[in-house]
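As you go down the protein sequences, you meet chains U and E in turn. FYI, the numbering for the first sequence is 41 to 151, going by the working numbering. FYI, the numbering for the second sequence is 7 to 120, going by the working numbering. Just so it is clear, CB atoms sit at the ideal spot from N, CA and C, and this is done for glycine as well. The structure under discussion appears below in the form of structure tokens.
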Amino acid sequence: GQQLNQSPQSMFIQEGEDVSMNCTSSSIFNTWLWYKQDPGEGPVLLIALYKAGELTSNGRLTAQFGITRKDSFLNISASIPSDVGIYFCAGPGSGNTPLVFGKGTRLSVIA
Amino acid sequence: DVKVTQSSRYLVKRTGEKVFLECVQDMDHENMFWYRQDPGLGLRLIYFSYDVKMKEKGDIPEGYSVSREKKERFSLILESASTNQTSMYLCASGYLAGVADTQYFGPGTRLTVL
């Protein structure tokens, strides 16, 4: 089945810095989803991408659907302390797994 | 905004107890899901449902059952709780966009089984 590799696994950055993370799949995807999970909470959908090459923004967040359709990127500009959390990518699964998730990128912001 | 609510944020139960976790969504979504999340293992799908009274096994259904009597409500049942079921349980609802479910999650229930 599909596997998602998300990198980096964790990041420590200074407040105000820009952040980049990515996700690659072992097969071609038609959809990429990006979620953020705050400590002790459920994941929140940030951005959904449905077309190769698509670039979508949500405030300081920008996500891109890679043209190879096997990767996606999430960028956060001018990070702030509330950006702390775990960021997950997700895409279509197969069989008894409708959606497959990456293992997450844990972001820490140092004020 | 999509609203997915879960009946409890924290729950402590004893080994052997029957446990009910309730999930309600208000967006008229067809699809609902139950996951558990454990450190180092990520999100693992337990059961899902694409319609009322319908259920499908996910990756780790053993020790769990589900019930979907109404479209907006999806219940997860631990028939006889065990300590290895201590975990964060997440409910989601969603709709099919393209070929993937766009899922929205509830706040989670942290279950401890003693």
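**Message:** Taking only three categories from DSSP, how would you classify Ser148 (chain U)?
**Reply:** strand
**C-alpha gap between Lys61 (chain E) and Ile150 (chain U), whole angstroms** = 44 Å
**Message:** I need the straight-line Cα distance from Cys129 (chain U) to Lys110 (chain U), nearest angstrom please.
**Reply:** 12 Å
**Request:** For Glu28 (chain E), I'd like the list of residues in its chain whose CB is within less than 6 Å of its CB, leaving aside the five on either flank, ordered along the chain.
**Result:** Ser13, Ser81
**Near-chain E residues of the region 69-83 of chain U (beta-carbon distance less than 7 Å), N- to C-terminal order** = Asn70, Thr71, Leu73, Glu81, Gly82, Pro83
**Item:** Three-way DSSP call (helix, strand, coil) for Pro132 (chain U) in this model
**Value:** The DSSP-derived three-state label of Pro132 (chain U) is strand.
**Request:** Measure from the alpha carbon of Asn70 (chain U) to the alpha carbon of each residue in U:Asn45, U:Thr145, U:Gly131, U:Leu147, then state which is nearest.
**Result:** With distances taken between CA atoms, Asn70 (chain U) lies nearest to U:Gly131 out of U:Asn45, U:Thr145, U:Gly131, U:Leu147.
**Request:** Mind listing the chain E neighbours of Thr64 (chain U)? Cutoff is C-beta to C-beta under 8 Å, in chain order.
**Result:** Within chain E, no residue comes near Thr64 (chain U); the closest Cβ sits about 16 Å away, beyond 8 Å.
**Prompt:** Among E:Gly46, E:Leu17, E:Gly114, E:Leu120, which residue has its Cα nearest to the Cα of Phe39 (chain E)?
**Reply:** E:Gly114
**Message:** Once the 5 residues before and after Tyr90 (chain U) are set aside, which same chain residues still bring their CB inside 6 Å of it?
**Reply:** Thr71
**Prompt:** Do the region 42-55 of chain U and the region 130-149 of chain U touch if we need at least three Cβ pairs shorter than 8 Å?
**Reply:** yes
**Other residues of its chain near Glu57 (chain U): CB distance less than 7 Å, five sequence neighbours each side excluded** = A distance below 7 Å between beta-carbons, with the five flanking residues on each side excluded, links Glu57 (chain U) to the following residues of its chain, in chain order: Ser119.
**Message:** Taking CB distances under 8 Å as the criterion, tell me whether Asn136 (chain U) reaches chain E.
**Reply:** yes
**Item:** Residues of the region 100-121 of chain U with Cβ closer than 7 Å to any Cβ of chain E, in chain order
**Value:** none
**Message:** For a contact defined as C-beta to C-beta under 9 Å, what are the partners of Phe111 (chain E) on chain U?
**Reply:** Neighbours of Phe111 (chain E) on chain U, chain order: Tyr75, Gln77, Glu81, Gly82, Pro83, Val84, Leu85.
**Asked** Secondary structure at Ser93 (chain E), three-state DSSP: helix, strand or coil?
**Response** strand
**Message:** Does Asp65 (chain E) come out as helix, strand or coil in the three-state DSSP assignment?
**Reply:** coil
**Item:** Val18 (chain E) versus E:Lys77, E:Met94, E:Phe54, residue with shortest Cα-Cα distance
**Value:** E:Met94
**Prompt:** If you compare alpha carbons, which of E:Asn37, E:His35, E:Ile52 is closest to Gln43 (chain E)?
**Reply:** When only C-alpha atoms are compared, the closest one is E:Ile52.
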